[in-house]
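Heads up: the structure comes next, in structure tokens.
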Amino acid sequence: MYIVIIKEAVPIKNNNTIASAIVITAATTIIAAYCFFFPENAKTTLLIYISTIIFMSVILGLISWLYKKTRTSVNDTDIAKIIETLNTEMIVWTDDFSFVYANKLLRQHLEITDGNYDKKAVLLRAFAIKNSDNASEDEQLKNIIHSSSYQSRIRKQNGVVITIAWSTSNVKHRKKNTLYLSTGFNFTEIRKMKNSLASANDFFNASMELAEIGIIMSKDRKNFRASSETMKMLGLKKNSITVNEFRNLIERNGRIQFDNAVKSDDSSDIASINLQILSADGTYHWYSYRYKSIGGTENTLPLFGGALIDITQNHEKDELIERLAYEDEVTKIPNRNKLLAAGQDIYNYCKNLDYSYWIIVFDVDRFHIINDTSGYENGNRILSNFADILLKFVSRGGLAARISGDNFALVLRDYGDDELPIRTARSVQEEFAKLAVDEFSSISLSCSAGYSKIPQDGNSFRDVMEHAEFALKSGTDTKNSICGYEPSMHDSIIGTSELEKSLALAIDNNELQLYYQPKINLSTGRIMGVEALIRWIKPDGTIVPPSVFVPVAENSHLIGKISEFVLNEGCRQNKMWQKMGYPNIVMSINFASSDFYQNDLKDKVFEALAKSSLEPCWLEVELTESLALHDIDFAVAQMNRLRELGVKLAMDDFGTGYSSLSYLQTLPISLLKLDRSFITDIEHDNIAYEIVSAVIRIAKSKKIETIAEGIENTTQEEILRMAGCDYAQGYLYGKPMPPERLEELFDMY
Ligand code: C2E
Ligand code: MG
Ligand code: MG
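Taking our numbering, the leading residue of the sequence shown gets 397, the next gets one more, and so forth.
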């Protein structure tokens, strides 16, 4: 507004000056010409001309004075008119208070209703100036003029406080006074918002602090903003840190993972990585970093960042459990579980890249005699020394493990030398014999070996290893034998094909039957479910256990037929019990690997449920870890498909395979079955107890229920109940039994 007024004034002023100059110049020229041509009149003419000029100057000066006077008063009022209806607080005033005009909005705040107000009082109220000892009102007003953002708080009669930030500009300097225009910015709402944001921020910070969650966010993936909890965790002095500085705090091995996270595309999923980060106490802590990339939209900026949670304690626990679970206590080398896990990785690697490895399994000859005669401690020393000998032969990518009492395994890379396993086994035997002379002079030490090739000699690592063990047992000599696996050995001994033929006949003759073993809820003592276990009942009444015929069926097309029978019969029987009025229970069935990896599994399960009218929640599928780990991505997808149906999923025999606790996160299971091997001696075996109770605790934290298999006595039951196990299954409650017998049990439990 100020600019508009000046712009209009300048041309008017200039035009007058130019016009006057032109008129005076023209008049002077005419008079000069007249005097030149009529010199006789020159004197009188000049006199008249000069008098006229003087007279005109006086008149023009008067007009100009009058013009200026009128213009100033018009300008003040003009400004007043212009600001009157504007929707922002404004006041135009002179520093001698002769003119003070507050616009309508400001008058409303000041609660002024009529036009006769005390001008100075209004100005002072607008700027909330009060008499103070430090500065006079005039001085305070001067401060306002010189301050670019002066704030005043206007308190209304109803107590509402309006906060206005003022910006004052000098509109016109005049002799007598100066005219100022003060424009207000009412930020009462913003202030309220700021306050509520501040309290929301405090609330957020307090919550994050209580939850011990640090937040780091970035808009440009170059700089992070750290929450106060992050600053506390990492000992940061500022709340900003560059991504590079943050990266330098991460332990070297985790940096690539972090780089990948920073580079990650926008996605709706929250990803998670575990990083070791240098923390406030100067040591590296383990953090779970859950992050997400969010692409920007029209109204929002893109963001990258996430939450840091200190998991050092859990990590240490996990490491301890992993150690307890995968390290052999006596020899400190990997145990059978570790070998099976690492071996399966090697097996997959060989399959994918066309490499091969050897596995040699060793058995210390007559170890039980040595143990009995030279004492338990000496026995352990021999085992440890044997492990040390094996470690000398471990080459890159291979490993040595103790697989059971006096059985060991050595996994070696194959470089096309078929004699390698025999030569290595011989060298081990020689070293072992030498050890006997050096350390255990009275004992003669020898060992036998069996070997097989990965992946050629089996369908999985476990298969290959079992074949090496099979070869070991097939060795003819009683001492220092070395025997390689041959598929023909197998056939001649167990006559698989014969068994296969009679199993096929048995299926057709309906000789397969389901037995049911009860599962008990440890807190109520009632039956909550049953596991369907298949039996082959021959016409003469002999019962063939699944351990004999299921592996044979798995190697032929017969398993498909068996599983279909189990699925349909299990659903039918459970529905039947429901119809008979027994309490609703969960029916668990077992699937073999080949069934589970069928593409139409979901359809088959759906059909069985539909045919029997059993609700999906009363059916549970038990899967073993090795089965799931065979192809983890497919397994997870398949498990999710089954879950979509509403069917429950349980992890069977937990603890016998790789059993990494991290799989509890990956696999969508709702029940974990602790393997019988942990339970058998839980009363005396502290390590088994520690592992079981830790696994139960961790499963609970992941909302996964637990059941213990193989409970045979009440001491085991009590220990598991105390450890927080939810359910139990075992001979204590009942062996697998035909349906009629189970019905009798329903009445007891
Ligand atoms: P699993 O699924 O782990 O079944 C539990 C096994 O532990 C059963 O052996 C059961 O009789 C046994 N068991 C339960 N409680 C105790 C106990 O307190 N003490 C002792 N010593 N043993 C106990 P079973 O019935 O011989 O089955 C062996 C395995 O055969 C099963 O292990 C499962 O992997 C497989 N199997 C059984 N039925 C089927 C089936 O229908 N389909 C498939 N694919 N596999 C089956
Ligand atoms: Mg089972
Ligand atoms: Mg089991």
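C-beta atoms are modelled at their ideal positions from N, C-alpha and C, and glycine is treated no differently.
Buried or exposed: where does residue i fall if 16 or more other Cβ atoms within 10 Å of its Cβ makes it buried?
i, result
"residue 644", "exposed"
"residue 788", "exposed"
"residue 772", "exposed"
"residue 454", "exposed"
"residue 517", "exposed"
"residue 1127", "exposed"
"residue 1112", "buried"
"residue 407", "In this prediction, residue 407 has a pLDDT of 36, which is less than 50 and means its spatial position is unreliable; what the coordinates show is noted afterwards. Flag for residue 407 reads exposed."
"residue 987", "buried"
"residue 470", "Here residue 470 scores only 47 on pLDDT, less than 50, and its place in the model should not be relied on; the value that follows carries that caveat. It is exposed - the Cβ of residue 470 has fewer than 16 other Cβ atoms within 10 Å."
"residue 589", "exposed"
"residue 820", "buried"
"residue 863", "buried"
Here's a check: name, in chain order, each residue in its chain whose Cβ is nearer than 6 Å to the Cβ of residue i, leaving out the five neighbours to either side.
i, result
"residue 489", "496, 519 and 576"
"residue 521", "506"
"residue 877", "844 and 871"
"residue 955", "949, 988 and 990"
"residue 486", "479, 499 and 579"
"residue 468", "Confidence at residue 468 is low in this model, with a pLDDT of 48, below 50, so the placement of that residue should be treated as unreliable; the coordinate-derived value is given next. Nothing listed; no residue qualifies."
If residue i and residue j are in contact, beta carbons under 8 Å, what's the gap, nearest whole angstrom?
i, j, result
"residue 849", "residue 810", "7 Å"
"residue 1139", "residue 1123", "Not confirmed; about 20 Å, so no contact."
"residue 831", "residue 845", "With 8 Å as the limit, residue 831 and residue 845 do not qualify as a contact, their Cβ atoms being about 16 Å apart."
"residue 630", "residue 673", "7 Å"
"residue 1045", "residue 1028", "The Cβ separation is near 14 Å, so there is no contact."
"residue 584", "residue 559", "5 Å"
Taking Cβ to Cβ, would you say residue i is nearer than 8 Å to residue j?
i, j, result
"residue 1047", "residue 1069", "yes"
"residue 525", "residue 506", "no"
"residue 689", "residue 655", "no"
"residue 702", "residue 687", "yes"
"residue 1130", "residue 914", "yes"
"residue 959", "residue 991", "yes"
"residue 427", "residue 440", "no"
"residue 794", "residue 779", "no"
"residue 983", "residue 1016", "yes"
"residue 621", "residue 731", "no"
"residue 628", "residue 594", "no"
"residue 704", "residue 626", "yes"
"residue 1001", "residue 1060", "no"
At which residues does the beta strand (DSSP E) containing residue i begin and terminate?
i, result
"residue 1080", "Where residue 1080 is concerned, there is no enclosing beta strand (DSSP E), given that its DSSP letter is neither H nor E."
"residue 849", "843 to 850"
"residue 727", "That residue, residue 727, is in no beta strand (DSSP E); it is neither H nor E in DSSP."
"residue 534", "First-last for residue 534: 533 to 542, but that is the alpha helix (DSSP H), not the beta strand (DSSP E)."
"residue 687", "680 to 690"
"residue 795", "795 to 800"
"residue 760", "753 to 760"
"residue 993", "Looking at the DSSP string, residue 993 is not in any beta strand (DSSP E), and its letter there is neither H nor E."
"residue 943", "Where residue 943 is concerned, there is no enclosing beta strand (DSSP E), although the alpha helix (DSSP H) it sits in stretches over 942 to 950."
"residue 708", "Residue 708 -> not in any beta strand (DSSP E); alpha helix (DSSP H) instead, spanning 708 to 722."
"residue 504", "Segment 500 to 506 is the alpha helix (DSSP H) holding residue 504; no beta strand (DSSP E) there."
"residue 557", "557 to 569"
Following the continuous alpha helix (DSSP H) through residue i, name the residue where it begins and the one where it ends.
i, result
"residue 741", "732 to 749"
"residue 966", "954 to 975"
"residue 624", "624 to 630"
"residue 1062", "1059 to 1062"
"residue 1135", "1135 to 1144"
"residue 1036", "1028 to 1041"
"residue 1110", "1110 to 1118"
"residue 516", "515 to 522"
"residue 790", "Per DSSP, residue 790 belongs to no alpha helix (DSSP H) and is neither H nor E."
"residue 866", "857 to 870"
"residue 657", "651 to 659"
Got a sec? Which residues, its chain only, sit under 7 Å from residue i by beta carbon, not counting five neighbours each side?
i, result
"residue 782", "760, 804 and 828"
"residue 648", "none"
"residue 865", "757 and 846"
"residue 1088", "1070, 1074, 1078 and 1119"
"residue 888", "Because the pLDDT of residue 888 is 48, which lies under 50, any placement of that residue in the model is unreliable, and the number read from its coordinates should be weighed accordingly. Correct list: empty, nothing qualifies."
Output yes if chain D places a C-beta closer than 8 Å to the C-beta of residue i; else output no.
i, result
"residue 870", "The structure shown contains no chain D; it is built from a single protein chain."
Beta-carbon within less than 8 Å of residue i's beta-carbon, same chain only, minus the 5 sequence neighbours each way: which residues are those?
i, result
"residue 934", "902, 907 and 940"
"residue 493", "515, 516 and 519"
"residue 653", "669 and 671"
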